[in-house]
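First comes the structure, then the notes that go with it.
There are 2 protein chains.
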Amino acid sequence: MSRATDSTGRKRPSGAFGPVRDEARDARIIDAVLDLIVESGYADLTMGAVAARAKVAKATVYRRWASREDLVADALESLMLPSVSFEGLAAETLREDLIATLTRSSACLQPQRRRFSAALAAATGSHPQIADTLRERYIAGQREAIASCLRHAQERGELTADRVERLLTPGRLEIAAAVGVLVLQEDLLGAILDVEGIAHLVDQVLLPLIGVTSNSSYVFGQ
Amino acid sequence: MSRATDSTGRKRPSGAFGPVRDEARDARIIDAVLDLIVESGYADLTMGAVAARAKVAKATVYRRWASREDLVADALESLMLPSVSFEGLAAETLREDLIATLTRSSACLQPQRRRFSAALAAATGSHPQIADTLRERYIAGQREAIASCLRHAQERGELTADRVERLLTPGRLEIAAAVGVLVLQEDLLGAILDVEGIAHLVDQVLLPLIGVTSNSSYVFGQ
Numbered sequence: 001m002s003r004a005t006d007s008t009g010r011k012r013p014s015g016a017f018g019p020v021r022d023e024a025r026d027a028r029i030i031d032a033v034l035d036l037i038v039e040s041g042y043a044d045l046t047m048g049a050v051a052a053r054a055k056v057a058k059a060t061v062y063r064r065w066a067s068r069e070d071l072v073a074d075a076l077e078s079l080m081l082p083s084v085s086f087e088g089l090a091a092e093t094l095r096e097d098l099i100a101t102l103t104r105s106s107a108c109l110q111p112q113r114r115r116f117s118a119a120l121a122a123a124t125g126s127h128p129q130i131a132d133t134l135r136e137r138y139i140a141g142q143r144e145a146i147a148s149c150l151r152h153a154q155e156r157g158e159l160t161a162d163r164v165e166r167l168l169t170p171g172r173l174e175i176a177a178a179v180g181v182l183v184l185q186e187d188l189l190g191a192i193l194d195v196e197g198i199a200h201l202v203d204q205v206l207l208p209l210i211g212v213t214s215n216s217s218y219v220f221g222q
Numbered sequence: 001m002s003r004a005t006d007s008t009g010r011k012r013p014s015g016a017f018g019p020v021r022d023e024a025r026d027a028r029i030i031d032a033v034l035d036l037i038v039e040s041g042y043a044d045l046t047m048g049a050v051a052a053r054a055k056v057a058k059a060t061v062y063r064r065w066a067s068r069e070d071l072v073a074d075a076l077e078s079l080m081l082p083s084v085s086f087e088g089l090a091a092e093t094l095r096e097d098l099i100a101t102l103t104r105s106s107a108c109l110q111p112q113r114r115r116f117s118a119a120l121a122a123a124t125g126s127h128p129q130i131a132d133t134l135r136e137r138y139i140a141g142q143r144e145a146i147a148s149c150l151r152h153a154q155e156r157g158e159l160t161a162d163r164v165e166r167l168l169t170p171g172r173l174e175i176a177a178a179v180g181v182l183v184l185q186e187d188l189l190g191a192i193l194d195v196e197g198i199a200h201l202v203d204q205v206l207l208p209l210i211g212v213t214s215n216s217s218y219v220f221g222q
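Put into C-alpha cells, the structure is as follows:
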C-alpha cells in the first residue's frame with residue numbers, strides 16, 4: 001500500500017503527517033467491535049475491551065478513534081462498503097442492476113452482521129445518538145445502493161428524471177419499503193433471501209413501486 | 001367481570017376450575033416483563049425479577065406462565081391485540097380500512113413498545129427460539145391485520161379472490177414490505193408515522209403493491 005493513500009484509498013492531504021494507517025490492524029479493531037457488541041451489547045463496550053480483543057494498545061485505538069461512538073459508526077460503515085462502492089460490471093437493465101446490487105447489499109446483512117445492527121438497535125433507548133448513527137450509516141447506505149441503480153436507469157433512458165426525483169424525495173416510502181424488507185428479512189420471512197429471493201423482492205416490490213413492470217420497461221401513469 | 005369468562009372474554013369451558021384469572025394482576029405482570037426487557041434485555045429476565053417488579057408472589061407468575069419464554073410470547077401478543085381484534089366500524093373502501101387498521105397497528109409500535117421488540121431482536125443470536133416468538137406473535141400479527149383488510153375488500157368486491165389469494169401466498173413480499181415499513185419506521189424514516197404518514201404508506205406502497213390505485217379501485221393487470 002502506498003504511503004500516500006489512507007485506508008479508504010483517498011490520497012492523504014499533502015502535508016498530512018502522523019502515523020500511517022495500518023489497514024490490517026484497523027480491520028482487526030473493527031472486527032473486535034463487531035464481535036463485542038454482538039456478544040454483550042453496546043452498553044458494555046469500552047475502548048479498553050476493544051483494544052484487548054484486537055490485541056493492540058489502548059492508545060492505538062484512541063489514536064484513530066476518539067470515542068466508542070466513532071468506532072461503532074465506522075464498524076457500521078464497514079458492513080455497507082461492498083454494496084455502496086459497487087460500480088463494477090455495468091448492468092443493462094434496471095432489473096439486472098437492482099438484483100446485482102441488492103444481492104451484494106443483502107450479503108452485508110448475513111446473520112452475524114444483522115445481529116450487530118440488532119444489538120445496536122436495542123441500545124437506542126438508552127443511547128439515542130446510536131439511533132442516528134444506525135440511520136445515517138446503515139439504513140442510508142442501503143438506500144443509496146438503490147438510488148444509484150435508479151440514476152443509472154435514468155442515464156440509460158429507462159426512467160424519466162421526474163420519476164427518479166420523485167422516488168428520491170425525502171419522506172417518500174417506496175425505497176424505504178424495499179430497504180425494510182432487506183434489513184428485516186429474517187424476521188419478516190423467517191429466512192435469508194437468496195438470489196432468487198432478491199429477484200422476487202425486485203419483481204414483486206421494487207419494480208412495481210418504481211413504476212416499471214418486471215418483464216418490460218413499460219412505465220404506467222403516476 | 002363475569003366469573004364465567006377468562007381474560008380474553010371467551011367463556012371458560014364448562015367444568016373448568018382452578019383460580020379465576022385476575023386481569024389487572026396479569027396486566028401488571030405483563031407490564032413488568034415489558035419494562036424489564038427494555039431496561040436490561042432478555043438475557044437478564046428471570047421469573048423472580050418479574051414477580052418482584054409486579055409485586056406478586058413468584059408462585060403467582062408460575063401458576064399462569066410455565067416459563068419466561070411463555071411470558072415473553074404473551075407480552076408480545078399484548079402489543080398486537082388492539083390491531084388484530086379490530087372488527088369495529090366497517091370501512092367502506094380498502095383504502096379507508098387500511099389507513100384505520102395501520103393507524104391502530106402503528107400505535108402498537110410507539111417508542112417504548114418498539115424498544116421492547118428491539119431488545120428481543122437483539123437476543124435472537126443467543127436465544128434462537130425468541131426469533132420464532134417474535135415472528136409468530138409480532139410480525140404475524142401485523143401481517144394478519146393487513147390480511148383482514150384484504151378479505152374485507154374481497155367481500156365488498158374491490159379485489160378478486162385470486163388476487164387476495166396471491167397476495168397472501170406464503171413467501172410473497174408485497175405485504176411483508178408494508179409490515180417492514182411499519183416495524184422499522186423510526187430507523188427507516190427517522191420519525192414515527194402519524195396518520196398522514198400512514199396514509200402515505202397506504203397510497204405509495206400498499207395500494208400500488210396490491211394493484212389498486214389510490215384514487216379509484218382500478219385493478220391493473222398481473
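Protein sequences appear in the order of chains A and B.
Oh and the first sequence: position 58 is 58 in UniProt numbering, straight run, nothing missing.
Oh and the second sequence: position 133 is 133 in UniProt numbering, straight run, nothing missing.
For each residue, glycine too, the CB sits at the ideal point set by N, CA and C.
Using the C-alpha atoms, what's the distance from residue j back to residue i?
| i | j | result |
| --- | --- | --- |
| Asp6/B | Arg21/B | Residue placement at Asp6/B is flagged as unreliable, the pLDDT there being 41, under the threshold of 50; the coordinate-derived value follows with that caveat. Straight-line Cα distance between these residues: approximately 6 Å. |
| Ile198/A | Leu150/A | 17 Å |
| Ala24/A | Ala66/A | 19 Å |
| Asp74/A | Arg64/A | 11 Å |
| Thr160/A | Ile37/B | 48 Å |
| Pro170/B | Asp97/A | 26 Å |
| Val164/B | Gly211/B | 10 Å |
| His127/A | Glu69/A | 10 Å |
| Thr124/A | Val195/B | 24 Å |
| Asp132/A | Ala140/A | 10 Å |
| Asp203/A | Ile192/B | 28 Å |
| Thr93/B | Leu76/B | 30 Å |
| Arg104/B | Leu79/B | 11 Å |
| Ile99/A | Ala91/A | 10 Å |
Comparing the C-beta of residue i with each C-beta of chain B, is any distance below 9 Å?
| i | result |
| --- | --- |
| Glu174/A | yes |
| Asp187/A | yes |
| Leu98/A | no |
| Ala73/A | no |
| Ile192/A | no |
| Thr124/A | yes |
| Ala118/A | yes |
| Gly171/A | yes |
| Val183/A | yes |
| Ala121/A | yes |
Using the Cβ count rule (16 or more neighbours within 10 Å means buried), how would you classify residue i?
| i | result |
| --- | --- |
| Tyr138/A | buried |
| Gly48/B | exposed |
| Thr101/B | buried |
| Tyr42/A | buried |
| Glu155/A | exposed |
| Arg95/B | buried |
| Ala59/B | exposed |
| Arg113/B | buried |
| Arg143/A | buried |
| Asp44/A | exposed |
| Ala178/A | buried |
| Asp162/A | exposed |
| Gly180/B | buried |
Residue i and residue j: beta carbons closer than 9 Å?
| i | j | result |
| --- | --- | --- |
| Ile175/B | Ile146/B | yes |
| Ala27/A | Arg53/A | no |
| Leu189/A | Leu173/B | yes |
| Ser106/A | Leu134/A | no |
| Leu201/A | Leu182/A | yes |
| Ala119/B | Arg115/A | no |
| Val72/A | Val61/A | no |
| Val56/B | Ile29/B | yes |
| Leu168/B | Leu209/A | no |
Does the beta carbon of residue i come closer than 9 Å to any beta carbon on chain A?
| i | result |
| --- | --- |
| Gly41/B | yes |
| Thr179/B | One detail in the question is off: residue 179/B reads as Val in this sequence, not Thr. Answer yes: the Cβ-Cβ gap between Val179/B and chain A drops below 9 Å somewhere. |
| Arg115/B | yes |
| Gly141/B | no |
| Arg135/B | yes |
| Leu168/B | no |
| Val84/B | Low confidence applies here, because Val84/B scores a pLDDT of 43, under 50, leaving its location unreliable and the question unanswered by this model. |
| Ala49/B | no |
Taking a cut of 8 Å between CB atoms, which residues from the region 199-210 of chain B lie near chain A?
Contact annotation: in the region 199-210 of chain B, residues whose CB is within less than 8 Å of a CB in chain A are His200, Leu201, Gln204, Val205, Pro208 and Leu209.
Below 7 Å between beta carbons is the criterion; list the residues of the region 29-40 of chain B that meet it against any residue of chain A, in chain order.
Val38
Select from the region 144-164 of chain A all residues with a C-beta closer than 9 Å to any C-beta belonging to chain B, and list them in chain order.
none
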